[in-house]
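Colleague: Sharing a structure here in structure tokens format.
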Amino acid sequence: MTMKHIKKMTAAVGLLGMTAVQSLWAALPTPVAPSTAPAAGDWIALIKGYIKDGGLVLGLAIAVLGFLWIA
Numbered sequence: 780m781t782m783k784h785i786k787k788m789t790a791a792v793g794l795l796g797m798t799a800v801q802s803l804w805a806a807l808p809t810p811v812a813p814s815t816a817p818a819a820g821d822w823i824a825l826i827k828g829y830i831k832d833g834g835l836v837l838g839l840a841i842a843v844l845g846f847l848w849i850a
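Residue numbers (my numbering): 780 to 850.
Pasting the structure below:
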């Protein structure tokens, strides 16, 4: 088989897989907004909110590890 034929087959299988999996995307829940609750369409504030929430979770995890280290 040539490389061109392999690429065509891979593309066809990928396209078939994406159409078969499309129904799985419909069952996903909507993502939860960060705690800062940015306005609709404000992507920068949304990203900042997720970074802030991630920093809080990371800080709490480090604090727990510190307490466990001492205890």
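All C-beta atoms, glycine included, are put in the ideal place defined by N, C-alpha and C.
Source: prediction; values computed, not measured.
Please report the straight-line C-alpha distance between residue 794 and residue 843, rounded to a whole angstrom.
Modeller: Rounded to the nearest angstrom, the two C-alpha atoms are 46 Å apart.
Colleague: Distance check for residue 797 and residue 833, CA to CA, integer angstroms please.
Modeller: When rounded, the distance between both Cα atoms is 31 Å.
Colleague: Give the secondary structure of residue 794 by DSSP, where H, G and I count as helix, E and B as strand, and everything else as coil.
Modeller: Helix at residue 794.
Colleague: For the alpha helix (DSSP H) that contains residue 837, what are its first and last residues?
Modeller: Unbroken alpha helix (DSSP H) run through residue 837: 822–849.
Colleague: Could you tell me how far apart the beta carbons of residue 813 and residue 828 are, in whole angstroms, since I believe they sit closer than 8 Å?
Modeller: Right, their Cβ atoms sit about 3 Å apart.
Colleague: Work out the CA separation of residue 807 and residue 781 for me, nearest whole Å.
Modeller: Approximately 39 Å, taken between the alpha carbons.
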